[in-house]
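Undergrad:
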Amino acid sequence: MKFKQDNQSFIFNNDKREISLTVLTPEIIRFFEDHGEANPSFAIEGDKQIKTDVSVKNDDNKITLKTSALKVLVDKDLHVDVYDRMGHPLVLDYKEKRKLLDRGINPEQEKLAASEGHNVNDGLEQDKILVIKKMATDEQFYGLGDKTGFLDKRGYEYDNWNTDNPDPQVESFKALYKSIPFLIGVKEGHPYGLFFDDSYKNHIDLGKESQKYYYYSAKDGNLDYYIIGGKTLKEVITNYTYLTGRVPLPQKWMLGYQQSRWGYSVSQKEVSRIADSLRDNDLPCDVLHFDIDYMDGYRVFTWRKDTYEDPKKFIAELRDKGFRVMPIIDPGVKVDENYWVYQEGIKNGYFAKSPDGTVYVNKVWPGDAVYPDFARKEVQDWWGKNIKFLVDLGTCGVWNDMNEPASFNGPLPDDVVFSDGEKASTHAKIHNVYGHNMAKATYNGLKKLSGKRPYVITRAAYAGTQKYSTVWTGDNQSLWTHIQMMIPQLCNLGLSGFAFAGTDIGGFGADCTPELLTRWIEAAIFSPLLRNHAAVGTRSQEPWAFGEPTLSIYRKYLKLRYHLISYLYDRFYHESKTGLPVMRPLVLNYPNDKHVRKMNDEYMVGSDLLVAPILMEGQTARQVYLPKGEWLNFWTNAEYTGENTILANAPLDTLPLFIKKNTILPWDKERDHVDPDDHDLMTFRLFGDHGNYIHYQDNGVDFDYENGKYNLYEVKITDQTFSVDISHFGYDKPYKRIDLISDQRKQSFVFDEKENKYQVMK
4 MKFKQDNQSF IFNNDKREIS LTVLTPEIIR FFEDHGEANP SFAIEGDKQI
54 KTDVSVKNDD NKITLKTSAL KVLVDKDLHV DVYDRMGHPL VLDYKEKRKL
104 LDRGINPEQE KLAASEGHNV NDGLEQDKIL VIKKMATDEQ FYGLGDKTGF
154 LDKRGYEYDN WNTDNPDPQV ESFKALYKSI PFLIGVKEGH PYGLFFDDSY
204 KNHIDLGKES QKYYYYSAKD GNLDYYIIGG KTLKEVITNY TYLTGRVPLP
254 QKWMLGYQQS RWGYSVSQKE VSRIADSLRD NDLPCDVLHF DIDYMDGYRV
304 FTWRKDTYED PKKFIAELRD KGFRVMPIID PGVKVDENYW VYQEGIKNGY
354 FAKSPDGTVY VNKVWPGDAV YPDFARKEVQ DWWGKNIKFL VDLGTCGVWN
404 DMNEPASFNG PLPDDVVFSD GEKASTHAKI HNVYGHNMAK ATYNGLKKLS
454 GKRPYVITRA AYAGTQKYST VWTGDNQSLW THIQMMIPQL CNLGLSGFAF
504 AGTDIGGFGA DCTPELLTRW IEAAIFSPLL RNHAAVGTRS QEPWAFGEPT
554 LSIYRKYLKL RYHLISYLYD RFYHESKTGL PVMRPLVLNY PNDKHVRKMN
604 DEYMVGSDLL VAPILMEGQT ARQVYLPKGE WLNFWTNAEY TGENTILANA
654 PLDTLPLFIK KNTILPWDKE RDHVDPDDHD LMTFRLFGDH GNYIHYQDNG
704 VDFDYENGKY NLYEVKITDQ TFSVDISHFG YDKPYKRIDL ISDQRKQSFV
754 FDEKENKYQV MK
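Residue numbers for the sequence shown follow my numbering, so the first one is 4 and each next one is one higher.
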């Protein structure tokens with residue numbers, strides 16, 4: 004084995020292959036093996052390497068690299084084994100021979116099964132890229148974005164190939180809309196991360212083929228992955244999001260309730276009916292989503308004129324009522340010689356091409372359509388400028404859909420010519436990052452045009468898309484299995500860097516029932532993106548659609564959400580610093596508790612709230628596991644000792660909700676929409692005997708906070724002491740009054756503008 008060091012990069016080769024290891028930080032090491040593919044990263048932007056001390060020990064048969072966090076052993080056969088700083092094994096190469104899964108089938112049976120549509124050899128084809136890692140008996144796997152199934156992915160296999168599949172999503176689905184090849188492992192209690200940065204179609208088998216190993220394979224590209232250490236699961240996620248980016252602080256109103264349905268936006272009259280019904284039924288709501296119906300013949304960046312008198316005036320009228328408008332945009336541009344977007348794209352060569360050099364045409368909603376080549380900067384800039392049409396009308400953001408990219412006339416062939424930066428590439432390489440690049444173009448366009456924190460939602464994504472866009476889990480259905488799947492899906496998205504995520508409340512496809520809608524709004528009430536969305540032709544599932552008691556219960560939980568908007572905003576402030584998710588699995592907060600490593604039906608909001616929703620039809624009570632500590636029933640204040648399972652009563656109007664004892668929560672006043680300019684009153688409620696809390700405040704809209712224009716409040720409540728201090732005062736609109744409330748008493752404070760501090764209200 005030959006060995007060469009170049010600063011923090013280390014190159015190893017023998018007679019068969021050459022690999023390199025690059026130390027980016029003490030906790031992050033990149034493994035790279037060149038297979039001839041130009042390899043700019045779509046997920047990682049900027050230079051992430053920091054100066055790191057690395058010790059090198061060179062023996063005859065192996066070389067050892069050590070940072071303050073990781074130890075790496077490379078042997079003469081170029082096997083790479085990674086340990087943490089205490090010597091615990093994390094990522095070890097599997098050195099034995101791979102053994103394919105024995106499916107117990109002979110060629111005759113295989114042929115017979117195929118005749119009925121069964122593909123028993125799916126996934127057994129040879130990929131160009133392969134790496135196999137040893138799996139411990141006690142090893143869990145998390146992450147990979149919003150794959151179907153359960154929280155712990157061990158025993159399953161997945162494909163990373165962005166896929167729009169209209170069938171009901173079940174745990175056997177290998178691929179959905181997003182490709183996020185970030186895997187979190189916990190080997191015998193010790194965490195690590197693996198990020199495989201390859202946009203070609205790839206496959207991850209997490210112990211389905213063998214209980215001895217897990218493996219990653221890819222159709223093409225290079226073997227390029229990052230080993231990510233950290234003393235805790237939280238540190239692993241913080242390190243991964245340092246590498247690929249963190250969810251930026253949203254505008255505060257984005258955390259409000261959002262109402263949607265494919266079909267609303269067909270006319271101004273229909274949208275007005277929905278808006279008026281929300282207000283007439285005393286339902287808080289901030290955003291109305293406009294699906295494809297608002298466009299002129301499904302042409303992007305147009306607005307139909309037959310059912311809208313004056314879109315700009317109408318959007319302004321909705322805004323006066325507290326509603327913002329979120330329009331959908333698809334990538335497919337209608338083939339129409341009289342359509343300005345198509346004309347500009349053709350003139351400048353902005354669309355993907357067939358191998359013969361002609362513009363590639365497929366079909367989506369407008370009929371024949373062409374696809375912008377989003378990996379090129381000039382195309383991203385052009386797309387961003389086109390968003391001016393929507394910004395000028397007064398819309399609040401852009402909802403990107405159909406950007407896997409989806410197509411109706413068969414899938415795009417692998418050899419369709421896209422770009423990889425300025426170089427020609429293929430759909431095979433660009434497919435998984437198509438939605439990512441569209442989201443980036445949308446984000447940058449909105450930021451430049453509006454000066455506000457962009458609101459972008461995308462269906463398709465890649466690792467790192469979290470820097471630019473919120474996501475939702477796509478076209479789920481009104482099925483109890485899908486409300487059950489929501490929790491592990493959103494939790495794994497959070498662990499994968501996507502802290503701002505949601506699911507279609509009530510289900511997008513099929514027909515909802517009153518009980519399912521009720522339990523869904525309860526279960527999802529703390530999901531960062533809170534949107535009820537349904538497909539055209541399905542049963543109506545607006546909060547009032549089923550009458551009482553559904554309407555009253557729905558209203559109860561929306562009002563709870565609005566009381567806690569500032570709490571969720573605080574969580575996003577901390578997320579922007581750490582990358583940690585707002586909605587998270589219990590294992591993130593309690594990694595040493597074996598009871599929560601496979602917990603699929605409970606989740607936490609930050610570290611304070613524990614949510615244990617009802618996920619089964621007809622159920623009115625359930626077992627709830629409470630981890631270490633003292634816990635209070637949010638509704639009754641009953642106290643429980645942790646590391647115990649309790650029986651929680653849950654009639655239809657009750658969400659089992661628990662709060663860690665001695666927690667303070669900011670408690671917003673009741674309102675029908677979020678008003679960032681309302682600074683009259685903020686309330687903090689104590690749950691327990693004493694507590695401390697740090698609260699964040701800014702204007703909730705733009706980027707002034709990056710220049711220090713924000714306030715941090717330190718709130719303390721004990722039996723004897725109620726206090727409010729501003730530890731950072733950079734925003735010139737502090738709350739005029741702050742109320743602190745415990746079970747025993749209430750104390751009010753008013754802001755003294757001369758002293759720039761709070762005084763007890765007399």
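Note that CB positions come from ideal geometry on N, CA and C, so glycine has one too.
1. Should MET607 be labelled buried (16 or more other beta-carbon atoms within 10 Å of its own) or exposed?
2. Pick from LYS237, ASP80 and LEU95: whose alpha carbon is nearest that of TYR86?
3. Would you say LEU689 and ILE662 are within 7 Å of each other, going by their C-beta atoms?
4. Using CA atoms only, rank isn't needed, just tell me which of ALA527, GLY259, LEU498 and TYR557 is closest to ASP149.
5. Does the stretch 558-578 come into contact with the stretch 528-538, if we say contact requires no fewer than three beta-carbon pairs (one atom in each stretch) closer than 8 Å?
6. With respect to the alpha helix (DSSP H) encompassing LEU493, which residues constitute its N-terminal and C-terminal limits?
7. So for LYS51, helix, strand or coil by DSSP?
8. Just how far apart, CA to CA, sit TYR628 and ALA641?
9. Under 8 Å by Cβ, that's how I've got ILE486 and LEU519 pegged, so tell me the actual separation to the nearest angstrom.
10. When the Cα of TYR97 is compared with those of TYR218, PHE13 and PHE185, which residue comes out closest?
11. Report back the beta-carbon spacing between LYS79 and ASN17 to the nearest angstrom; my notes put them in contact at under 8 Å.
12. From the DSSP output, in three-state form, read off TRP638 for me.
13. Is THR666 near ASP746, with beta carbons less than 7 Å apart?
14. Is PRO552 buried or exposed, if buried means 16 or more other CB atoms sit within 10 Å of its CB?
15. Would you mind stating whether PHE45 and HIS439 have Cβ atoms separated by less than 7 Å?
16. For the putative contact between TYR180 and GLU407, defined by C-beta atoms under 8 Å, what is the C-beta separation to the nearest angstrom?
17. Tell me the rounded alpha-carbon separation between ASN389 and TYR593.
18. Below 8 Å on the Cβ atoms is my guess for PRO330 versus TYR297; work out the distance and round it to an integer in Å.
19. Measure the C-alpha to C-alpha separation of SER12 and PHE199 and round it to an integer number of angstroms.
20. Could you tell me how far apart the beta carbons of VAL83 and THR55 are, in whole angstroms, since I believe they sit closer than 8 Å?
21. Run through the stretch 264-313 for me and flag every whole alpha helix (DSSP H) of 4 or more residues, listed as ranges in chain order.
22. Once DSSP output is grouped into helix, strand and coil, what is the label at LEU115?
23. Given this structure, state the Cα-to-Cα distance separating LEU127 from GLU212, to the nearest angstrom.
24. In the DSSP assignment, find the beta strand (DSSP E) that holds ILE528 and state where it starts and stops.
25. Between PHE501 and ARG264, what straight-line distance do the alpha-carbon atoms span, to the nearest angstrom?
26. Excluding the five sequence neighbours on either side, which residues of its own chain have a C-beta within less than 8 Å of the C-beta of ASN10, listed in chain order?
27. Between which two residues does the beta strand (DSSP E) holding TYR696 run?
28. Can you check whether the CB of ASP514 is closer than 7 Å to the CB of HIS1?
29. Apply the 10 Å Cβ neighbour rule to ASP289 and answer buried if 16 or more other Cβ atoms are within range, or exposed otherwise.
30. Which runs of the alpha helix (DSSP H) at least 4 residues long sit entirely within the stretch 431-476? Give them in chain order.
31. Output needed for MET619: all residues of its chain with C-beta closer than 7 Å, excluding positions within five of it in sequence on either side, in chain order.
32. Whose C-alpha, out of PRO334, GLY300, LYS315 and GLY467, is nearest the C-alpha of ASN341?
33. Would the stretch 471-483 count as touching the stretch 416-424 if we require 3 or more Cβ pairs under 8 Å?
34. Leaving out the 5 sequence neighbours to the left and right, which residues in its chain are closer than 8 Å to LYS222 when beta-carbon positions are compared?
35. Might you give, ordered along the chain, the residues of its own chain that have their beta carbon closer than 7 Å to the beta carbon of TYR159, omitting 5 neighbours on each side?
36. Could you tell me whether the Cβ atoms of PHE411 and VAL367 are closer together than 7 Å?
TA: If we stick to the structure as given:
1. Within the sequence shown, residue 607 is the residue found at index 604, counting from 1. Buried.
2. On the sequence shown, position 83 is the one that residue 86 refers to. Comparing Cα positions, the closest option is LEU95.
3. Taking the sequence shown and counting its residues from 1, one reaches residue 689 at position 686. Taking the sequence shown and counting its residues from 1, one reaches residue 662 at position 659. Contact flag unset, no.
4. In the sequence shown, the residue the question calls residue 149 occupies position 146. Of the listed residues, the one whose Cα sits closest to ASP149 is LEU498.
5. These segments touch.
6. Along the sequence shown, one-based indexing puts residue 493 at 490. Element bounds for LEU493: 483-498.
7. Numbered from 1 along the sequence shown, position 48 holds the residue referred to as residue 51. Coil.
8. In the sequence shown, counting from the first residue as 1, residue 628 sits at position 625. In the sequence shown, counting from the first residue as 1, residue 641 sits at position 638. Distance between the alpha carbons of TYR628 and ALA641: 15 Å.
9. What you label residue 486 is simply residue 483 of the sequence shown in a count that begins at 1. What you label residue 519 is simply residue 516 of the sequence shown in a count that begins at 1. Sure, about 7 Å apart at Cβ, within 8 Å.
10. Numbered from 1 along the sequence shown, position 94 holds the residue referred to as residue 97. Closest by alpha carbon: TYR218.
11. By 1-based counting over the sequence shown, the position of residue 79 is 76. By 1-based counting over the sequence shown, the position of residue 17 is 14. Your pair LYS79 and ASN17 checks out as a contact, with CB atoms roughly 6 Å apart and the cut at 8 Å.
12. The count along the sequence shown starts at 1 and reaches residue 638 at position 635. Note: TRP638 maps to coil in three-state DSSP.
13. Here residue 666 is taken as the residue at index 663 of the sequence shown, counted from 1. Here residue 746 is taken as the residue at index 743 of the sequence shown, counted from 1. For THR666 and ASP746, no; Cβs fall outside 7 Å.
14. Here residue 552 is taken as the residue at index 549 of the sequence shown, counted from 1. Under this definition PRO552 is an exposed residue.
15. Counting from one through the sequence shown, the residue named residue 45 turns up at place 42. Counting from one through the sequence shown, the residue named residue 439 turns up at place 436. Yes, the pair counts as a contact, with Cβ atoms nearer than the cut-off.
16. Taking the sequence shown and counting its residues from 1, the one referred to as residue 180 is at position 177. Taking the sequence shown and counting its residues from 1, the one referred to as residue 407 is at position 404. At roughly 6 Å, the Cβ-Cβ gap stays under 8 Å, so TYR180 and GLU407 are in contact.
17. Here the question's residue 389 lines up with position 386 in the sequence shown. Here the question's residue 593 lines up with position 590 in the sequence shown. Spanning the alpha carbons of ASN389 and TYR593 requires a straight line of approximately 47 Å.
18. The sequence position of residue 330 within the sequence shown is 327, counting from 1. The sequence position of residue 297 within the sequence shown is 294, counting from 1. Indeed, because the Cβ distance is near 6 Å, the residues count as touching under 8 Å.
19. The count along the sequence shown starts at 1 and reaches residue 12 at position 9. The count along the sequence shown starts at 1 and reaches residue 199 at position 196. Distance between the alpha carbons of SER12 and PHE199: 19 Å.
20. Within the sequence shown, the letter at position 80 stands for residue 83. Within the sequence shown, the letter at position 52 stands for residue 55. About 18 Å; that fails the 8 Å criterion.
21. Listed in chain order, the complete alpha helix (DSSP H) runs (minimum 4 residues) inside the stretch 264-313 are 271-283.
22. Translated into the one-based positions of the sequence shown, residue 115 becomes position 112. Three-state result, LEU115: helix.
23. Your numbering for residue 127 matches position 124 in the sequence shown. Your numbering for residue 212 matches position 209 in the sequence shown. At LEU127, the pLDDT of 49 sits below 50, so the modelled position is not reliable; the number obtained from the coordinates is stated separately. For LEU127 and GLU212, the distance between alpha carbons rounds to 10 Å.
24. The residue labelled residue 528 in the question sits at position 525 within the sequence shown. ILE528: not part of any beta strand (DSSP E); DSSP gives it neither H nor E.
25. As a position in the sequence shown, residue 501 is number 498, starting the count at 1. As a position in the sequence shown, residue 264 is number 261, starting the count at 1. Rounded to whole angstroms, PHE501 and ARG264 show a C-alpha spacing of 24 Å.
26. The residue you call residue 10 lines up with position 7 of the sequence shown. Non-local C-beta neighbours of ASN10 in its own chain, meaning closer than 8 Å and more than five positions away in sequence, are absent.
27. The residue labelled residue 696 in the question sits at position 693 within the sequence shown. Looking at the DSSP string, the run of the beta strand (DSSP E) that includes TYR696 is 694-700.
28. Limits of the chain in this structure are 4 at one end and 765 at the other, which puts residue 1 out of reach.
29. Counting from one through the sequence shown, the residue named residue 289 turns up at place 286. Using a 10 angstroms sphere on the CB of ASP289, the tally of other CB atoms reaches 16 or more, which defines it as buried.
30. Within the stretch 431-476, the complete alpha helix (DSSP H) runs of at least 4 residues are 437-453.
31. The count along the sequence shown starts at 1 and reaches residue 619 at position 616. The beta carbon of MET619 sits closer than 7 Å to the beta carbons of TRP483 from its chain, once the five residues preceding and following it are set aside; these are given in chain order.
32. Counting from one through the sequence shown, the residue named residue 341 turns up at place 338. Checked all of PRO334, GLY300, LYS315 and GLY467; the closest Cα to ASN341 is GLY300.
33. Fewer than three Cβ pairs drawn from the stretch 471-483 and the stretch 416-424 lie within less than 8 Å of each other, which leaves the two stretches out of contact.
34. By 1-based counting over the sequence shown, the position of residue 222 is 219. Once the five neighbours on either side are set aside, the close Cβ partners of LYS222 are ASP130, LYS131, ILE132, TYR203, LYS204, ASN205 and ALA431.
35. As a working mapping, residue 159 is identified with position 156 in the sequence shown. Cβ within range, chain order: GLY152, LEU209 and LYS211.
36. Start at 1 with the first residue of the sequence shown, and residue 411 comes out as number 408. Start at 1 with the first residue of the sequence shown, and residue 367 comes out as number 364. PHE411 places its beta carbon less than 7 Å from that of VAL367.
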